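All the letters of the sequence shown, read from the start, carry residue numbers 1 to 173 under our numbering.
Built from N, CA and C at the ideal position, the CB exists for glycine as well.
Source: prediction; values computed, not measured.
To keep things clear, I will list the structure first and then write my remarks on it.
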Amino acid sequence: MPEYEDWLVDAMKEGGNTDFWKQNNIRDYTKNYKDIPVYLVGGWYDSWGVNTTENYMALNKSIKGPVYMIMGPWIHGQQGNYSHGQVSFGNDAAIPDPLAWRMEWYDHWIKGEKTAVGKKDPYKTNVRIFVMGTGDGHMTEDTLLYHGGSWRNENEWPLKRTSYTPYYFHADG
């Protein structure tokens, strides 16, 4: 996959919201999007995780249809995995069958079928986030450090109760 590797290297060199990204930009062009239900999927370790949350905030303000977002402990496109690198977040961190999960969403909105959307996890609330931690650090059977974590359902992003903490790179803060 040399073509993808070349593109990825170019993307990483490019940085933030530049002309390079204009073709894929949602945040700044929400008026170009139809008013349909949207499910944004991202990961805390995803190179484009920040874009996922920014797109959620922008679309949530600009369209009437429901906007859902899920953020897991994943890298890009790896929603079926429960680990990243040498760290396990527990089996619950993975979406067991990503295809079935997507189909349930589509069946609800396209076919009008009664599904878990709006009723059960992972579709119970508009925002679902994986909160990492709570693990005891033991070595798992597959030789990963157990970091743990759990899913939490929310109704907005950013969370209104967020307490921001500034960090500084010098002794006097």
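Fewer than three beta-carbon pairs drawn from the segment 17 to 36 and the segment 126 to 137 are found closer than 8 Å, and the two stretches are therefore not classed as touching. Between H84 and G49, the alpha-carbon positions lie close to 15 Å from each other.
Distance from the CA of P66 to the CA of V38, rounded to the nearest whole angstrom, comes to 6 Å. Judged by DSSP secondary structure, G49 falls within the alpha helix (DSSP H) whose first and last residues are 49 to 62. Cα atoms of L59 and T30: separation of roughly 6 Å, rounded to the nearest angstrom. Going by DSSP, W151 is part of the beta strand (DSSP E) stretching over 149 to 154.
A buried status is given to W74, since no fewer than 16 other beta-carbon atoms sit within 10 Å of its beta-carbon.
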